[in-house]
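If you count the sequence shown from 1, position 315 lands on 315 in this note's numbering, and the numbers rise without skipping.
The C-beta atom is built at its ideal place from N, Cα and C for all residues, glycine as well.
Before any comments, here is the structure.
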Amino acid sequence: MRQYTNQTFNADTPRLDRRRFLTSLGVIGATGAAGALGLSACQPTSQSGGTAAVNTASSASNDNPTNTSQVADKNENPKHAGSDANSTKNCFADSQYDFYGQHQAGITTPTQRQNYFLVLDLHTTDRAAIVQMFKDWTEYAARLTQGDNIKPYGDSPFVPPVDTGEADSLGAYGLTITFGISPSFLKKLGMEKLAPPEFASLPAFPRDQIRPELAGGDICIQACAEDSQVAFHAVRQLVRQARSNITMRWSQMGFVSFDSGNETPRNLFAFKDGTANQNTIKAPNDNIWIDRGWLKDGTYLVVRLIQMHLETWDRTSLKGQEETFGRHRDSGAAIGKTGEFDDFDVNASALNGKPLIPEISHMSLAKRTGLHILRRSYSYASGIDPKTGQFNAGLLFISFQKSPAQFIGIQNALGRLDKMNEYTTHIGSGLFACFGGVQSGQYIGQALFEQAEKMA
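In structure tokens form, the structure reads like this:
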């Protein structure tokens, strides 16, 4: 049976995070966090200032751009509470990112290992109710990212707990929560006149097989963390507190793995995913961040659910696989090069006069556009496809860009020519505008709603 505390919480009470709360009740001991799953014990090094993060070989959080695209913001310095050289715990347990900052976290933040991505539908047109929902979400997200529940537990055992509790014995695990809205969100709330010209539903692309249940939606929430239960818990709390305004449309859990934060993660085809991010982050204000209007310091998020036909891929020769990507599988280098980040000429010829990198390879077609996006994708594995008896697995493709035109240009270039099309099917899609970050005392989306109020 769940235990309840008689402590009265007020502004003068020192904040108890989930771990300290349960420790005070004697529910977990000093080593309770690491023992159950046999996680390797490691100790993060606390950082103050700068762009560095956890200084351990197993950490996903550091300022090396090979992992994802680190453009360090103030809210993207992970903090580590309770550092004790003698403690034994998962080294990610107390890693924290501030929710408040110039930009939303979870965009240029070093890639965490787990992602829970959720798309929601509005079922109200009451703008005041939606404003209050975003105010509540801001308060809750700020607490959740610091390893707290959305509110302190009450004293009575005769009412449902304010928090569902599955993360009570867990730290923050580097949780970030990122919010976005779609063009239909603005239309439903009578704010379509505030939509920037480029903010419209994505066009249909060649070979798309988008399923209606995996497209559309009004709001997206991305929760990334080093622990899948922490990520799911965060989204669950936000949805639970907003049931009167929203319904869930579709969701997908994703994962990436790497031994060192210096590595670019591999997708389920075993190729590195995100190598080109190093070019995107050289000019973040040109490629990622919006600089005007209610979306200032925000960005556009494109999500694509891409089913990967693993069994077909597994029957393809290594040479065929590398010619599909335009890169060597082991190093991630362009064909003919040895290092992942070596410069290369996409028009280079082999000794036989043929293109060294196949012209219809995935990398060659994308490179020739000259466009840059920030990839922050995750693999997924969701059981077995009942129609085929094969793995239902693939890529939760997520990219961030200053304008949807960047993604659209690349995807149109891939079109029907991309060799990758033989092995993948795009089944889900969405475009969302991610608000700029907010400071303490503000709420997410405030600039949009205030501008709408002025125009009323």
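Fill in: N- and C-terminal bounds of the alpha helix (DSSP H) containing W137
By 1-based counting over the sequence shown, the position of residue 137 is 137. Element bounds for W137: 127-144.
Worksheet item: Would Q406 pass as a contact of N287 if the rule is Cβ separation under 9 angstroms?
Response: Translated into the one-based positions of the sequence shown, residue 406 becomes position 406. Translated into the one-based positions of the sequence shown, residue 287 becomes position 287. In this structure, N287 lies closer than 9 angstroms to Q406 by Cβ.
Worksheet item: Taking three-plus beta-carbon pairs below 8 angstroms as touching, is the region 114-125 in contact with the region 247-262?
Response: yes
Discussion item. If the criterion is Cβ atoms closer than 9 angstroms, does the pair T164 and R240 meet it?
Written reply: Start at 1 with the first residue of the sequence shown, and residue 164 comes out as number 164. Start at 1 with the first residue of the sequence shown, and residue 240 comes out as number 240. In this structure, R240 lies closer than 9 angstroms to T164 by Cβ.
Discussion item. By the three-class DSSP mapping on this structure, what secondary structure does S361 have?
Written reply: The residue you call residue 361 lines up with position 361 of the sequence shown. Residue state, collapsed to three classes: coil.
Item to complete: Kindly identify the DSSP beta-bridge partner or partners of L118.
Response: Here residue 118 corresponds to residue number 118 of the sequence shown, with the count starting at 1. The partner list for L118 (beta bridge, DSSP) reads I221, S251.
Item to complete: Measure the C-alpha to C-alpha separation of S440 and A381 and round it to an integer number of angstroms.
Response: By one-based count along the sequence shown, residue 440 stands at place 440. By one-based count along the sequence shown, residue 381 stands at place 381. Cα to Cα, the separation comes out at about 38 angstroms.
Discussion item. As a quick exercise: from Q451, A447, I373, pick the residue whose alpha carbon is nearest that of T108.
Written reply: Indexing the sequence shown from 1 puts residue 108 at position 108. Nearest C-alpha to T108: I373.
Fill in: the region 332-352 / the region 363-372 touching (three or more Cβ pairs under 8 angstroms)
yes
Worksheet item: What residues in its chain sit with their C-beta under 6 angstroms from that of R211, if we drop five residues either side in the sequence?
Response: As a working mapping, residue 211 is identified with position 211 in the sequence shown. Taken in chain order, the residues that qualify are I427.
Item to complete: Between the Cα of R375 and those of P355, K89, K354, Q401, spot the shortest distance and give me the residue it belongs to.
Response: In the sequence shown, residue 375 corresponds to position 375, counting from 1. Cα-wise, what sits closest to R375 is Q401.
Worksheet item: Are there 16 or more other CB atoms within 10 angstroms of the CB of I410, so buried, or fewer, so exposed?
Response: Position 410 of the sequence shown holds residue 410. With 16 or more Cβ atoms within 10 Å of its Cβ, I410 is classed as buried.
Discussion item. Between which residues of its own chain and R304 is the CB-CB distance below 7 angstroms, once the five residues before and five after are set aside?
Written reply: Counting from 1 along the sequence shown, the entry for residue 304 is found at position 304. Closer than 7 angstroms at Cβ, skipping near neighbours: F397, H426, G428, S429.
Discussion item. Can you list, in chain order, the residues of its chain with a C-beta nearer than 6 angstroms to that of G171? Leave out the 5 residues immediately preceding and following it.
Written reply: Indexing the sequence shown from 1 puts residue 171 at position 171. So the qualifying residues of the chain are R19, A93, D94, G147.
Worksheet entry | Euclidean distance between Cα positions of H328 and C224 | Taking the sequence shown and counting its residues from 1, the one referred to as residue 328 is at position 328. Taking the sequence shown and counting its residues from 1, the one referred to as residue 224 is at position 224. Roughly 29 angstroms between the two C-alpha positions.
Worksheet item: From what residue to what residue does the beta strand (DSSP E) around T388 run?
Response: What you label residue 388 is simply residue 388 of the sequence shown in a count that begins at 1. No beta strand (DSSP E) holds T388; DSSP gives it neither H nor E.
Worksheet item: Is G320 helix, strand or coil when you go by DSSP?
Response: Along the sequence shown, read from residue 1 onward, the residue named residue 320 stands at position 320. Here G320 sits in helix by DSSP.
Fill in: Assumed close pair K419, T316 - CB separation to whole angstroms, cut-off 8 angstroms
Within the sequence shown, numbered from 1, the residue matching residue 419 stands at position 419. Within the sequence shown, numbered from 1, the residue matching residue 316 stands at position 316. The pair is not a contact, with the Cβ atoms about 10 angstroms apart (cut-off 8 angstroms).
Worksheet item: What are the boundary residues of the beta strand (DSSP E) that S429 is part of?
Response: Your numbering for residue 429 matches position 429 in the sequence shown. Here the beta strand (DSSP E) through S429 covers 424-434.
Discussion item. Classify S156: buried if its beta carbon has 16 or more other beta carbons within 10 angstroms, exposed otherwise.
Written reply: The residue you call residue 156 lines up with position 156 of the sequence shown. Classification of S156: exposed, given that the 10 Å Cβ count is below 16.
Discussion item. For D227 and P160, I'd like the C-alpha separation in whole angstroms.
Written reply: In the sequence shown, counting from the first residue as 1, residue 227 sits at position 227. In the sequence shown, counting from the first residue as 1, residue 160 sits at position 160. Straight-line Cα distance between these residues: approximately 25 angstroms.
Fill in: For I357, the nearest candidate out of G298, G326, A456 (CA to CA)
On the sequence shown, residue 357 is found 357 positions in, with the first residue counted as 1. Among G298, G326, A456, the Cα nearest to that of I357 belongs to G326.
Worksheet item: In whole angstroms, what is the alpha-carbon distance linking L214 and D168?
Response: Along the sequence shown, read from residue 1 onward, the residue named residue 214 stands at position 214. Along the sequence shown, read from residue 1 onward, the residue named residue 168 stands at position 168. Rounded to the nearest angstrom, the two C-alpha atoms are 32 angstroms apart.
Worksheet item: How many Å lie between Y173 and Y116 at the Cα?
Response: The count along the sequence shown starts at 1 and reaches residue 173 at position 173. The count along the sequence shown starts at 1 and reaches residue 116 at position 116. Cα to Cα, the separation comes out at about 14 angstroms.
Fill in: Spatial distance of L144 from I150 (CA atoms)
Within the sequence shown, numbered from 1, the residue matching residue 144 stands at position 144. Within the sequence shown, numbered from 1, the residue matching residue 150 stands at position 150. Distance between the alpha carbons of L144 and I150 is about 6 angstroms.
Practice prompt. Give every residue of the same chain whose Cβ lies closer than 7 angstroms to the Cβ of E322, excluding the five residues on either side of it in the sequence, and list them in chain order.
Written response: As a first step, residue 322 is located in the sequence shown; it is residue number 322 there, counting from the start. Cβ neighbours of E322 beyond the five flanking positions: H328, R329, I335.
Practice prompt. Have a look at L268 and E311 and give me their C-alpha separation to the nearest angstrom.
Written response: Counted from its first residue, the sequence shown places residue 268 at position 268. Counted from its first residue, the sequence shown places residue 311 at position 311. Approximately 11 angstroms, taken between the alpha carbons.
Discussion item. On the DSSP bridge list, what partners appear for I246?
Written reply: Residue numbering aside, residue 246 sits at position 246 when the sequence shown is read from its first letter. Partner(s): L122.
Discussion item. Pull the bridge partners of Y380 from the DSSP assignment, please.
Written reply: Residue numbering aside, residue 380 sits at position 380 when the sequence shown is read from its first letter. DSSP, once it has assigned bridges, lists G394 as partnering Y380.
Worksheet item: Any C-beta of chain D sitting closer than 9 angstroms to the C-beta of D218?
Response: In the structure shown, chain D cannot be found, because there is only a single protein chain.
Discussion item. What does the alpha-carbon distance come out to for the pair A200 and A141?
Written reply: Reading the sequence shown from its first residue, position 200 is the one you call residue 200. Reading the sequence shown from its first residue, position 141 is the one you call residue 141. Near 28 angstroms, if we compare the C-alpha coordinates of A141 and A200.
Item to complete: Flag this pair as yes or no: are the beta carbons of L431 and S182 separated by less than 9 angstroms?
Response: Locating residue 431 in the sequence shown gives position 431, where the first residue counts as 1. Locating residue 182 in the sequence shown gives position 182, where the first residue counts as 1. In this structure, S182 lies closer than 9 angstroms to L431 by Cβ.
Discussion item. Taking only three categories from DSSP, how would you classify V239?
Written reply: Reading the sequence shown from its first residue, position 239 is the one you call residue 239. Correct three-state label for V239: helix.
Discussion item. Just verifying my parser: in three-state terms, what is the DSSP assignment at M191?
Written reply: Here residue 191 refers to the residue found at position 191 when the sequence shown is read from its first residue. Of the three classes helix, strand and coil, the one that applies to M191 here is coil, per DSSP.
Fill in: Simplified DSSP assignment, three categories, for G409
Translated into the one-based positions of the sequence shown, residue 409 becomes position 409. Helix.
Discussion item. Out of Y300, S257, L194, L118, which one is the CA nearest neighbour of L202?
Written reply: Translated into positions along the sequence shown, residue 202 becomes position 202. The shortest Cα separation from L202 among Y300, S257, L194, L118 belongs to Y300.
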